[in-house]
Structure formats: C-alpha cells, structure tokens
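*Asks:*
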Amino acid sequence: MGRVLVWLIAAISSITLSLQPAVSEPKHAIAMQGEPALPADYTHFNYVNPDAPKGGSITYCVVGSFDNLNPFILKSLRTTARGMIDRIFGNLVFEPLMQRNDDEAFSLYGLLADTADMDPERKSIEFHLDPSAKWSDGQPVTAEDVLFTYDVFTEKGRPPYSARMSMVAKLEKIGDRSVRFTFNDKANRETPLVIAMTPIVPKHAFDKETFDRTTLKPVIGSGPYTVANVAPGQRIVFKRNPYYWGKDIPAKRGFDNYDQITIEYFLNANAKLEAFKKGICAIDDDSDPVKRERDLDFPAFHKGDVIAETFDTGIPPVVTGFLFNTRLQKFSNPVVRRALGMLYDFEWANKNLFGGKYMRTMSYWQNSELSALGHPADDREKALLAPYPGRVPADVMDGTWRPPVTDGSGQDRKVLKAAFDILKGAGYTLQDGVMLDPEGKPFGFEILTASQNEERLAAIYQRTLAKIGIAVTIRSLDGDQIQSRKQRFDFDVLIGASGFENSLSPGIEQFGRWGSAAANAEGSFNLAGVADPAIDAALEAMLDARSREDYVAAVRVLDRLLISGHYMVPMQHNTQQWLAYWSYLEHPRKTPISGYRLPTWWRKPK
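Going by the UniProt record's numbering, the letters in the sequence shown line up with residues 1 to 606, in that order.
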C-alpha cells in the first residue's frame, strides 16, 4: 500500500509539473531566430570603440519643426522633437527594456532589464530589471513603471504602442524588479521582442489624465541625456546626465560620447546645407550624388576640414517612390497602378540627374535573400498563395519580373504605348490629348512634395505622364503641412521614403505599413491604404514562422504581393550610405550591417 501511495504521489506530481508552463533560464539576450551572437560575458558590441573619449558637443540639423516632447502620443505625432526616441540620433531620453545589436538581423541585449526569461513556445516572457536602473531624477526604475507604461500607452498612446496590450492576456508584477507578460492568441513569435523594444516611461513623472496632451516641458526618462533647453520649433539641447545609470553596461559602452547634443531645425534643405557649410551642422547626408558633389565645392572641404565618406551596409535599401492613395477611386484598380508604374523613366533620371550612379529599386527587400527578385517561388510560397489564385503574375512568381527599361531619351514610344494599351484595356480613352477615365472624366492627380529634390523627380514623372494625356499637378508643402496631410490620408500621391526603411528581419512593423487593420487608422504608416487578405495572410505567416526557411518564404510572398499590387512606383537607390562631416568627428572602424551609427561617434579631444 505504501509503495502504491508513493507511486500515486509521484504520478500526480509528474502530471502537475507537465501542466506548468515551460521554464527557461534568465538570459542576457534574446533573438528572433536562432541564438544571439554574443555570449553572456560580452563586454561591448563589436561596432563600437569601447574606449571612445567622452566630451565636447555636436549639433545635428534637420528640416522641419517641432511642438511636442512626448513621442508616444497621437497629437503632433509627426512634429515631435527628434532625439527623445530616435533611430538616427539615438534614444537620448527614453529607453526600452532591451537594446538592439545593429550587427545582427534581430537580437536584443539587456538594458533596463538585465535578463529575460522567454519560454520556448514564446507564450510568455519575464523581464528582470537591472537593480541599478534609474530615472534621470534619481528614482529607481520599478515594475510599477512597466505596468504604468502599458496602461497609459493602451489608453492614451499612439499606434503602434496603443495596440500592444491587445496581444497580452496578463501583465503582472512578480517581484520588486520583475514583470511577466503572458500572451494571448493574437500574439506571435515576434511579440516578446516587440515588448522588449518598447520604451518605458516613469509612473511618478506622468499624469495619466494629461498624458495625451502635447508638452514642451522637459520630461523625465532613463536615458543618457536630459532636455536642457527648448526653443520651440527651432532648437532642442540635450545634456549628458552625469549620473546616467547605464554608462558602464555592455550594451551602452562606446555610445553617447558627447557632453551636449543640439538638434537645430531648418525650414528647408538649402538653409540646412548652408548651415553645414558654415560649421553649424556637424554632418550632411544628402542622398543625391550629383548635388552633393556640387555642394561640397567650398573652402572647408578643399582644406580637409570636411570629410566625405561612404559606408557599406548589409540591409535592403530604403524604398523611395511615388505612393498611391488607393483609398481613392482613381487608384483603386491595380491594373491602372501598373500602367502608371511603367511611366517613371528611371534611365533618363539616372543619366541626367544622378550621373548614372543609382540602381533601379524593384523589390522591397532588394539585394537580400528575402527578395522575390531572382528567386522562383518554392513549394512553401505556393502553398501560402494557393488560397489567392491569380494574385501574383507568372513573371513575379518565377522571379524574372523587371520594370520596363527605356532608351533614356525621356520619350520612349514603346514604353508609352505599352502603358497606354494597358489603360485602354481598362476602359480609358484619349480624346483631344486628354486621358479620360471609364466614366469619361479627365484623369489626373496631384503629387505632394516637400523639397526641391522631390519637385525635380515629380517633374520628370509629370512630363512623361503628360505625353499620354494624364494631367499631373505638383504641390510643394512645408514639413508640418505634409505631415498633417499624411496623418489624415489627405493626398493623391506622395513622393519620398514614406517610412519604408527595411531590415533583414521585417516583423510587426509591416502590419502598420501594409496590414488591413492599419489602412484607415489615423496616424498609421499604411499610407497607401492597403487592405488585402492575401497580404494579411503573408504577414501572419511571417510572424508565425518557426524555421528560417518558412520565414524567408513568407517575406518573399509579401514582396511578390507588394510588387504585384503596384502600390508604389519605386524609383532608385544606392547601396552605400554617404556622409559628409567635419573633421573634428571620429567614428569606429567597423560599420555594422545596418550602416553607420551616429551614437557611437565621438569628438576628437583637443
């Protein structure tokens, strides 16, 4: 009897244990796929100088304005001060739980949280806050701050922060410095990493009731800098926090090397360029190779006081182009968008504007294994597309699709005729030199531009479209006006990058750019208004992928669908990054796969 009782107790214990969630060991880092590259005893990222000298100041310059210091709210979303959380200049004020390593596709290392426990199925994750983590006013970062962040973001925040709790079944404090997120069925395998990358705000420094109001009052964060001075719309000055808690942790060694960072705002690119020539701005990042060669013809460059340098990257290029607002009837037909896409004369533009130094952009993940170009669809891709027959043309499926190549004359009749024939097949007619839509109304549209460079590109497109009777107007707006129009989706066609900077690990951000749920959400980055079940399915498959092969297949399907949908007329790109900078700056020898990282630069000691 005793043996039976012992056996029963052991069996019950075994069953009970089997029902418990899988337990993992606390780890210094987590990765989207595979394991993080750096071991637990790493001392710094490999693209920094861990002994970079600290001191001095730097001034960055941008075009636009600002009227808000809170980057997490919808009001003034696109005119929030740069630097608060900033991919280019660094997260100077607010920080996430974990820090991205820019030399890996998608791995995160301890920051506010020094370790994380993620169960193997990614149904939950625990974050253990670094006991030394503090806000700039000296108060400790606590589990209550994490809970408050998600509470206030859900109720008062802007997309994408406002939607993150929709994937969480339970958020709980499990210790003075630990929190656990348990996910629901809306979550995916990337969700724990998205949570880890979400900036945290201090509960004691924000009032939930007024959180969604704009403010120019310096806010409290945990980052390496504090807001020292604000000149609304003109300038914001950040000063190093001498008591910054994270200056010696591995993920921050070699970063944040200036005592003071100033961000100056200018009304237009020409004013910014002149400020750079005068030494007010430390760097210039003009993307036009012909213009920048001309602009560098000034004494400081010839004397060697200004240096021009290119940096190789391992990521897909930024996708720039003419983006159609498909919410409008005139752009609702993909056949019409396809014809319009044929009429950007890249060959003429490259020869006459860019000195032949650019390449045509044809894929959203060009120059990587994620691209559909040159990769015939495999069985995984065909299975994903099977419920949506005919959505992807044969040449896009087999990877051979390319946009038409003109003769570079600016009036290639073969391409013009091919585009006209497509429009004619869709019910469009040409009468007295005017293109008429199927209802007999003149067909035309407006392109919004925000700079002289964009105006030049729009004028090229305008001239070609006019040859087949399509009337295009160009409207130039300042930064505030164009951002407001974007936020309200009040436009026909936009020109520019439009937020489509890509990586080797596309994830949840793609839902915001292409997902149906974001198509009509004010402030979202789905500017084209894409609402396609096939794209939604590809996005879901991308985030649910368990193997690298499944992941690549899902992203290639997404690429094929975006190419086939003709939501943009992609223009051109250069595979290298270019910067001109004053010679008092120095940077690490190694460039990470994502390109140069300004927060790792420093000022040469005198």
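Heads up, the beta-carbon is just placed ideally off N, CA and C, and yes, glycines get one too.
Let me check understanding here. Comparing Cα to Cα, which of Asn453, Ser132, Ala205 and Ser503 lies closest to Asn268?
*Replies:* When each option's Cα is compared against that of Asn268, the closest is Asn453.
*Asks:* Compute the Euclidean distance between the alpha carbons of Pro21 and Met118, then round it to the nearest angstrom.
*Replies:* For Pro21, the pLDDT reaches just 44, beneath the cut-off of 50, and the residue's location in the model is therefore unreliable, although a value from the coordinates is still provided. Looking at the two C-alpha atoms, the distance is approximately 11 Å.
*Asks:* Evaluate Tyr243 with the Cβ neighbour count: other Cβ atoms within 10 Å of its Cβ, from every protein chain shown; 16 or more gives buried, anything less gives exposed.
*Replies:* The residue is exposed, with fewer than 16 neighbouring Cβ atoms inside 10 Å.
*Asks:* Determine whether the beta carbon atoms of Leu465 and Ile261 lie at a separation below 8 Å.
*Replies:* For Leu465 and Ile261, no; Cβs fall outside 8 Å.
*Asks:* Take every Cβ of the segment 250-258, pair it with every Cβ of the segment 44-64, and state whether three or more of those distances are shorter than 8 Å.
*Replies:* Because the criterion of three Cβ pairs below 8 Å is met, the segment 250-258 and the segment 44-64 touch.
*Asks:* Skipping 5 residues on each side, what residues in its chain have a beta carbon closer than 6 Å to that of residue 607?
*Replies:* Outside the displayed span of the chain (1 to 606) sits residue 607, for which this structure offers no information.
*Asks:* When the distance is taken between beta carbons, is Ala450 closer than 8 Å to Ile474?
*Replies:* No; because the gap between Cβ atoms is not below 8 Å, this pair is not in contact.
*Asks:* Just verifying my parser: in three-state terms, what is the DSSP assignment at Asn453?
*Replies:* DSSP places Asn453 in helix when its eight states are reduced to three.
*Asks:* Under 8 Å between the Cβ atoms of Asp559 and Trp365?
*Replies:* Result yes, Cβ atoms of Asp559 and Trp365 sit closer than 8 Å.
*Asks:* DSSP three-state call for Met435: helix, strand or coil?
*Replies:* It is a strand residue.
*Asks:* Kindly indicate the opening and closing residues of the beta strand (DSSP E) around His566.
*Replies:* Careful: His566 lies outside any beta strand (DSSP E) and carries neither H nor E.
*Asks:* Under 8 Å, with one C-beta from each stretch per pair, do the segment 200-209 and the segment 145-152 reach the 3-pair mark?
*Replies:* A contact exists between the segment 200-209 and the segment 145-152.
*Asks:* Can you say whether Ala386 is buried or exposed, counting buried as having 16 or more other CB atoms within 10 angstroms of its CB?
*Replies:* The residue in question, Ala386, is exposed, as its Cβ has fewer than 16 Cβ neighbours within 10 Å.
*Asks:* Straight-line CA distance for Met165 to Asp550?
*Replies:* Approximately 27 Å, taken between the alpha carbons.
*Asks:* Just to confirm before moving on: does the CB-CB distance between Pro96 and Leu74 stay below 8 Å?
*Replies:* Not closer than 8 Å, so no.
*Asks:* Which residues in the same chain have their Cβ closer than 6 Å to the Cβ of Gly374, if we skip the five residues on either side of it in sequence?
*Replies:* Counting only Cβ-Cβ distances below 6 Å, and skipping sequence neighbours, we find Gly399.
*Asks:* Give me the Cα-Cα distance between Asp379 and Gly440, rounded to the nearest whole angstrom.
*Replies:* Going from the Cα of Asp379 to the Cα of Gly440 covers about 45 Å.
*Asks:* Taking the alpha helix (DSSP H) that Ile593 falls in, what are its first and last residues?
*Replies:* Where Ile593 is concerned, there is no enclosing alpha helix (DSSP H), given that its DSSP letter is neither H nor E.
*Asks:* Do the segment 532-543 and the segment 177-195 make contact, defined as three or more Cβ pairs closer than 8 Å?
*Replies:* The segment 532-543 vs the segment 177-195: in contact.
*Asks:* Sort Arg456, Leu457, Ser476 and Arg338 by Cα distance to Phe420 and report the nearest one.
*Replies:* Per the Cα distances, Arg338.
*Asks:* Near Lys357, what residues of its chain come up, given a Cβ to Cβ distance below 7 Å and the 5 sequence neighbours on each side ignored?
*Replies:* Around Lys357: Pro289 and Asn574.
*Asks:* Kindly list the residues whose CB is nearer than 6 Å to the CB of Phe106, restricted to its own chain and excluding five residues on each side of it in sequence; keep chain order.
*Replies:* Correct list, in chain order: Met32 and Ser505.
*Asks:* Please list, in chain order, all residues of the same chain as Val152 whose beta carbon is under 6 Å from its beta carbon, the five residues on each side excluded.
*Replies:* Cβ within range, chain order: Lys208 and Phe211.
*Asks:* Would you mind sorting Glu446 into buried or exposed? The rule is 16 or more other CB atoms within 10 Å of its CB.
*Replies:* So Glu446 counts as exposed.
*Asks:* So Met222 packs on Ser132, CB below 8 Å; how close in whole Å?
*Replies:* First, the amino acid is wrong: residue 222 is Ser here, not Met. Not a contact, Cβ separation roughly 11 Å.
*Asks:* Taking the alpha carbon of Asn333 as the reference point, which residue from Pro50, Asp437, Val472 and Gly138 has its own alpha carbon closest?
*Replies:* Here the closest residue by C-alpha is Asp437.
*Asks:* For the beta strand (DSSP E) that contains Ala116, what are its first and last residues?
*Replies:* Start and end: Ala113 to Met118.
*Asks:* Note down the Cα distance separating Ile85 from Thr154, rounded to an integer number of angstroms.
*Replies:* Rounded to the nearest angstrom, the two C-alpha atoms are 19 Å apart.
*Asks:* Rounded to whole angstroms, what's the CA-CA distance from Asn520 to Phe324? Just pull it up for me.
*Replies:* Cα to Cα, Asn520 sits roughly 15 Å from Phe324.
*Asks:* DSSP three-state call for Asn268: helix, strand or coil?
*Replies:* Coil at Asn268, not helix or strand.
*Asks:* Report the option in Arg292, Gly341 and Asp492 whose CA atom is closest to the CA atom of residue 613.
*Replies:* One cannot answer for residue 613 here, as it falls past the ends of the chain, which runs 1 to 606.
*Asks:* Give the secondary structure of Lys173 by DSSP, where H, G and I count as helix, E and B as strand, and everything else as coil.
*Replies:* Here Lys173 sits in strand by DSSP.
*Asks:* List the whole-angstrom C-beta distance separating Ala545 from Ala554, where the pair is believed to meet the contact cut-off of C-beta under 8 Å.
*Replies:* 6 Å between Cβ atoms; contact.
*Asks:* Which residue's Cα is closest to the Cα of Ala372: Met397, Met359, Asn350 and Lys382?
*Replies:* The shortest C-alpha separation from Ala372 is found at Met397.
*Asks:* To test your reading of the DSSP string, which unbroken alpha helix (DSSP H) runs of 4 or more residues are found completely within the segment 252-325?
*Replies:* Runs found: 269-277, 289-295 and 299-302.
*Asks:* Quick one: using the 10 Å Cβ neighbour count with 16 as the cut-off for buried, is Ile88 buried or exposed?
*Replies:* Result: exposed.
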